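Notes for the one structure printed next.
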Amino acid sequence: MPAPRGKLTDLPEISAYVLAHVAGIAWGTIVTPMIFRSLIAQGYRDHLQLIALALATVSSAVVLLLFLILRRAMTGAGAPPPPADLPAPPPKFTDLREIAAYVLAHAAGLAWAFTVNPMIYRSLVAEGHGNLMLISIAISIAISAVVLLVFLFLRKAMAGPGAPS
51 MPAPRGKLTD
61 LPEISAYVLA
71 HVAGIAWGTI
81 VTPMIFRSLI
91 AQGYRDHLQL
101 IALALATVSS
111 AVVLLLFLIL
121 RRAMTGAGAP
131 PPPADLPAPP
141 PKFTDLREIA
151 AYVLAHAAGL
161 AWAFTVNPMI
171 YRSLVAEGHG
181 NLMLISIAIS
191 IAISAVVLLV
201 FLFLRKAMAG
211 PGAPS
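Numbering of the sequence shown is given in the working numbering, commencing with residue 51 and proceeding in unit increments.
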């Protein structure tokens, strides 16, 4: 479901994105540490990076689905009805280009999170910071904002010239 013609996005779409990502960040902040503690206690220390990548990928997929559902609920059934002489276009939930833009944007976010974030955290721990929870939330919010911008621009670029963005 593209944004209005000539716009990158609109308020209902931004609201849906923010709410979906708040849920994802809350999951990552509250539930993921419990999963890791349990796995470490069971002796799966060698597989934590692979498990973290799997959890992040599943979380991104769930956040995408939540975003699409929230956007659909916030924007209604679709475009206003056409004039009486034209057939009504079927309402679209999403399309392949939008999914591709979302996946590419989140892949870039995951690549950042798995390459740069560990260096940031190691540096903070070396400087003596003990509790990284607030810093981790701030970094997650910043990454989500950048991923949103990448997603919006990729979606617009993939729509092609003359197509609604």
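Beta carbons are placed, not taken as given, at the ideal position from N, Cα and C, and that holds for glycine. Just so it is clear, the structure is predicted and the values come from calculations on it, not from any experiment.
Taking the C-alpha atoms as reference points, what is the distance between residue i and residue j?
{"i": "V108", "j": "R147", "result": "20 Å"}
{"i": "L120", "j": "A161", "result": "26 Å"}
{"i": "L202", "j": "I101", "result": "29 Å"}
{"i": "A195", "j": "H71", "result": "10 Å"}
{"i": "I149", "j": "V68", "result": "17 Å"}
{"i": "A188", "j": "V197", "result": "14 Å"}
{"i": "A176", "j": "V200", "result": "32 Å"}
{"i": "D96", "j": "I75", "result": "25 Å"}
{"i": "A157", "j": "W77", "result": "19 Å"}
{"i": "L61", "j": "G126", "result": "13 Å"}
{"i": "M169", "j": "S186", "result": "13 Å"}
{"i": "L174", "j": "T144", "result": "41 Å"}
{"i": "L58", "j": "R122", "result": "17 Å"}
{"i": "V112", "j": "I85", "result": "17 Å"}
{"i": "G93", "j": "F164", "result": "22 Å"}
{"i": "G178", "j": "A73", "result": "30 Å"}
{"i": "G180", "j": "R87", "result": "17 Å"}
{"i": "S110", "j": "E63", "result": "17 Å"}
{"i": "V166", "j": "A209", "result": "31 Å"}
Quick one: give me the first and last residue of the alpha helix (DSSP H) that residue i is part of.
{"i": "H71", "result": "L61 to A91"}
{"i": "L146", "result": "L146 to T165"}
{"i": "L58", "result": "Looking at the DSSP string, L58 is not in any alpha helix (DSSP H), and its letter there is neither H nor E."}
{"i": "K206", "result": "M183 to A209"}
{"i": "R95", "result": "Premise fails: R95 is in no alpha helix (DSSP H) and is neither H nor E."}
Contact defined as beta carbons within less than 8 Å: I believe residue i pairs with residue j. What is the distance between those atoms, to the nearest angstrom?
{"i": "Y171", "j": "L184", "result": "In fact, because the Cβ distance is near 13 Å, the residues do not count as touching under 8 Å."}
{"i": "Y152", "j": "L114", "result": "6 Å"}
{"i": "I193", "j": "G159", "result": "5 Å"}
{"i": "T82", "j": "L105", "result": "6 Å"}
{"i": "L204", "j": "A155", "result": "6 Å"}
{"i": "S98", "j": "L89", "result": "Rather than Ser, the amino acid found at residue 98 in this sequence is Leu. 7 Å between Cβ atoms; contact."}
{"i": "A66", "j": "M124", "result": "5 Å"}
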